Structures are given as structure tokens and as C-alpha cells.
Amino acid sequence: MINAHDPTATPVATDLDPATIFETDWQIYRTLVDNNLLFHQEVSEILVQEMTTRFSGGFRFLDLACGDADVMSRALRKTTVDHYLGVDLSPQALAIAAKNMEDAPFDARMEQMDILTTLSENPGTYDVIWCGLCLHHFQSIEEKTQVFSAIHSALSSNGVFFSFEPVLPEGISLEIFDRRNRQQFRKDWSPPLTEEQFERLMTHIETCDFPETAHGWLTAGRAAGFSSAEELFAIPDGGYCRLFRFEQ
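Using our numbering, read the sequence shown as starting at 150 and increasing by one per residue.
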């Protein structure tokens, strides 16, 4: 899935400069979020409930591939978080994230850094780690499990990891899944996406997205050492994306 923190992943329009590519893809991402096409609002509400139930005092939060941090900025203001770190490879996204966090009632930092470096440099540090619409860009289940292991190591002893990712239905190929999604998304997302935006988004999905089945995502978490792996939420009518919780 295209997102504001991965502005150069899609091969479309490679003759454009990075700033233009980012702005184009960020507008697509904002359209998805602003129209709640991927149910960010419902996911945010679940995350807030999870964090307020778990933590009565302060806690440390790591936002992997944070993008513009808009959704998380608004969600975390409803919790007792006292330290936030957002990491991303896109300087344009981080600049917007810094603005979204500038008046936050908690310590908020942004760093331009890749996921695995961030995790390896902070063992046992974070109480909550969040990664949304990013891990499916790792092509193999082995690569995904490696990331899960690094996340497991970076969490505190009572830490929790939340992930929101596309899910491949059991028993069908990725090619068939992409074809079905193109038909369904055109019906559901066009409008508000323009035809040009829709085609750019679908090109990204069809070339850069490597989702696992729900069982695959949960198994990767357990293989990485998490004692508990559960599905918390699925987008209605097919569950294209699902929210997972992994506990130490």
C-alpha cells in the first residue's frame, strides 16, 4: 500500500524529482486517510483503547515508518504517553510530522533512519511499537520475520507491538488478489481518487506489495518470540487490511 513514508517505492513517473514524487504520493495517501478508506479512524480508536487500558502512567512509543504522523499525533494525545520517536527515510514526511507534533503534550522526536537500524540501536527500550502499512513491502516471509525479531528485541519486558497490514486471503494467489482488489478499489475509491491517482496507487500495490495471510502474519510474530499474537480488527467486507497485536 502506498503511503507518505515510502514516496519512491512505486516505479511510476520516475522522471520526476523526489519532492514532486513525494507530494504526488502524499496527496494519494491523504485522500485515503481523510476519507477513511482504510478505516484509520477505527484502528486509531482501538489503539487508544489498548494503550489507555495498559498504561496508567507514562510510556515510550516508537512509530516505525511514521510518515506524516498525523493519525498517531491525534491518537496519542488521548493517552498517557510521555516519549514519542518517529522514524522514517523521507525528509519531506518527517518535516510534516514535526509540524504535526510540535504542540504535543509529550516529548516528541523525529529521526531519519531505516527500521532495522532504529530497532537494533534501541534494545529493550520501547513499551509500544507501531508500524502501519509498511511491513508488507518486505518481499519474503523470512525478511518479515527478521523485522518482527528486531521489534521483539526493542520492546520492554511488558511491551506490545501493533501492526496494520494488507492480508492475503487463504488459498488464492497474489495475482488473483491484486486483480480482485483493482476491481473493488475502483468501485470504492474512484472517486475520491482521480483516475491518475488511482492508477498510480494500483501500480504501486501490484508491484511493491507482498502481503501475507493472516496466519502468515501471526506465525511470523510467534516465530520471532512473541508469546501472544492476535488479530484485533479487520476492514469490513473482505478484511483487506487487519490490525494485529503481538505481546512479549
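Here a beta-carbon is modelled for each residue, glycine too, at the ideal position from N, C-alpha and C.
Given the structure is predicted, the values throughout are model-derived calculations rather than measurements.
Along the alpha helix (DSSP H) that carries residue i, what are the first and last residues, could you check?
i      : result
His301 : Ile290 to Ala303
Leu268 : Ile264 to Ser269
Phe171 : Pro167 to Asp183
Thr202 : His189 to Arg203
Phe326 : Leu323 to Trp338
Leu225 : Asp219 to Leu225
Pro240 : Pro240 to Met250
Name the DSSP bridge partner or partners of residue i?
i      : result
Pro315 : Cys390
Leu211 : Leu234 and Ile278
Glu396 : Val309 and Ser377
Name the two residues that bound the continuous beta strand (DSSP E) containing residue i.
i      : result
Arg258 : Asp256 to Gln261
Relative to the alpha-carbon of residue i, which residue among the options has its alpha-carbon at the smallest distance?
i      : options                           : result
Arg226 : Thr356, Ala257 and Leu238         : Ala257
Ile177 : Thr228, Phe326 and His353         : His353
His364 : Asp358, Arg349, Glu344 and Phe393 : Phe393
Glu260 : Ser289, Tyr233, Arg209 and Thr229 : Tyr233
Ala303 : Thr201, Leu186 and Phe395         : Phe395
Phe208 : Cys283, Arg223, Gly308 and Ser222 : Gly308
Phe313 : Asn330, Arg391 and Glu191         : Arg391
His286 : Gly235, Ile264 and Thr228         : Ile264
Arg329 : Glu345, Met351, Pro385 and Leu196 : Met351
Thr228 : Glu345, Glu194 and Asn249         : Glu194
Glu191 : Met221, Phe359 and Pro167         : Met221
Glu172 : Gly206, Val197, Ser239 and Asn184 : Ser239
Leu211 : Ala168, Thr368, Gln332 and Cys280 : Cys280
Glu291 : Gln198, Thr368, Gln397 and Leu186 : Thr368
Ser322 : Thr362, Lys248, Pro254 and Ser306 : Thr362
Ile170 : Phe382, Pro360, Asn249 and Gln346 : Gln346
Thr202 : Gln288, Val230, Phe359 and Ala247 : Val230
Pro254 : Phe310, Glu355, Phe204 and Ala224 : Ala224
Ile384 : Pro318, Glu199 and Thr356         : Pro318
Gly273 : His301, His189 and Gly206         : His301
Pro360 : Tyr389, Pro315 and Gly370         : Pro315
Glu124 : Lys293, Leu181 and Phe311         : Absent from the structure is residue 124, since the part of the chain shown begins at 150 and ends at 397.
Asp386 : Asp237, Gly320, Lys293 and Leu187 : Leu187
Gln333 : Gly388, Val277 and Lys248         : Gly388
Asp358 : Gln288, Lys248, Phe382 and Arg335 : Gln288
Gly206 : Lys336, Ser306, Asp276 and Glu324 : Asp276
Within 7 Å of any Cβ in chain C, is that where the Cβ of residue i sits?
i      : result
Ile321 : Judged by its chain identifiers, the structure shown contains no chain C, having just a single protein chain.
Exercise for the section: Specify whether the stretch 215–222 and the stretch 241–253 touch according to this definition: at least 3 beta carbon pairs, one from each stretch, less than 8 Å apart. Expected result: With the cut-off at 8 Å, the stretch 215–222 and the stretch 241–253 touch.
Practice task
Count the C-beta pairs between the stretch 292–299 and the stretch 367–384 that are closer than 8 Å, then say yes if the count reaches three, no if not.
Solution key: Segments in contact, yes.
Handout entry: Three-pair Cβ contact test at 8 Å for the stretch 262–281 versus the stretch 336–354
Key = These segments do not touch.
Exercise for the section: Please specify which runs of the beta strand (DSSP E), each continuous and at least 3 residues long, are wholly inside the stretch 356–387, giving them in chain order. Expected result: The qualifying runs are 377–383.
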